[in-house]
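Q: Chains Z and C supply the protein sequences, listed in that same order.
Counting from 1, one number per residue, gives the positions in the first sequence under our numbering.
Counting from 99, one number per residue, gives the positions in the second sequence under our numbering.
Pasting a structure here, questions to come.
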Amino acid sequence: AEDTGVRVELAEEDDGKKASIALKLWVEDHKKLKGKYKESGAIEFTFDLEKEVPEVVAQEMVESGLFHESDGKTVGKSIRDRVALIKWRRERTVSAAA
Amino acid sequence: SATAQVVHSAGRRFIVSPVPEARLKEQ
């Protein structure tokens with residue numbers, strides 16, 4: 001995945017079954033962000049792999065004051081990349097089991 | 099506490115906590 005300066009990782013072990021999973025997001029390189037970033041730390045949140053859209057969650061972070069409006073897309077892309085990886089891993093596990 | 103909770107109007111909860119130093123990329 002592209003290095004967006006924003007890192008997203010699992011905040012819990014993926015059991016491969018739950019639709020809603022805990023993720024943790026933090027800024028690794030604030031120079032890659034357009035807006036001024038206030039050092040706030042890692043943001044933990046739950047994400048529904050089946051129903052939710054990464055860009056919508058990113059927009060909620062912007063509206064909550066965690067990121068500047070101009071960085072919403074970057075945050076959304078970072079979440080999308082991680083979600084795609086989680087889904088890919090799950091599919092691979094299912095294929096391997098079959 | 100260093101942990102803060104930010105609740106969005108849509109009801110989503112964001113929990114903000116310090117990032118461990120070891121996980122930060124070296125600049």
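Each residue gets a CB set at the ideal place from its N, CA and C atoms; glycine is no exception.
(1) Which whole-angstrom value describes the C-beta separation of C/PHE112 and Z/PHE47, a residue pair presumed to lie in contact below a C-beta threshold of 8 Å?
(2) Specify whether the segment 49 to 57 of chain Z and the segment 18 to 31 of chain Z touch according to this definition: at least 3 beta carbon pairs, one from each stretch, less than 8 Å apart.
(3) Using a 10 Å radius around the Cβ and a threshold of 16 neighbouring Cβ atoms, would you call Z/PRO54 buried or exposed?
(4) Indicate the three-state DSSP secondary structure (helix, strand or coil) for Z/THR108 in the structure shown.
(5) Taking the CB atoms as reference points, tell me whether Z/VAL62 and Z/GLY76 lie closer together than 7 Å.
(6) On the CB-based measure, 16 or more other CB atoms within 10 Å of its CB, does Z/TRP88 come out buried or exposed?
A: In terms of the structure at hand:
(1) For the purposes of this step, residue 112 of chain C is taken as residue 14 along the second sequence, with counting starting at 1. For the purposes of this step, residue 47 of chain Z is taken as residue 47 along the first sequence, with counting starting at 1. Their Cβ separation, rounded to whole angstroms, is 11 Å, which puts C/PHE112 and Z/PHE47 out of contact at 8 Å.
(2) Three or more beta-carbon pairs separated by less than 8 Å link the segment 49 to 57 of chain Z to the segment 18 to 31 of chain Z, which places the two stretches in contact.
(3) Walking along the first sequence from the start, residue 54 of chain Z turns up at place 54. Classification of Z/PRO54: buried, given that the 10 Å Cβ count is 16 or more.
(4) Residue 108 of chain Z cannot be examined here, being either before or after the span of chain Z that is shown, 1 to 98.
(5) For the purposes of this step, residue 62 of chain Z is identified with residue 62 of the first sequence, where counting begins at 1. For the purposes of this step, residue 76 of chain Z is identified with residue 76 of the first sequence, where counting begins at 1. Contact flag unset, no.
(6) In the first sequence, the residue the question calls residue 88 of chain Z occupies position 88. In this structure Z/TRP88 is exposed. Its beta-carbon is surrounded by fewer than 16 other beta-carbon atoms within 10 angstroms.
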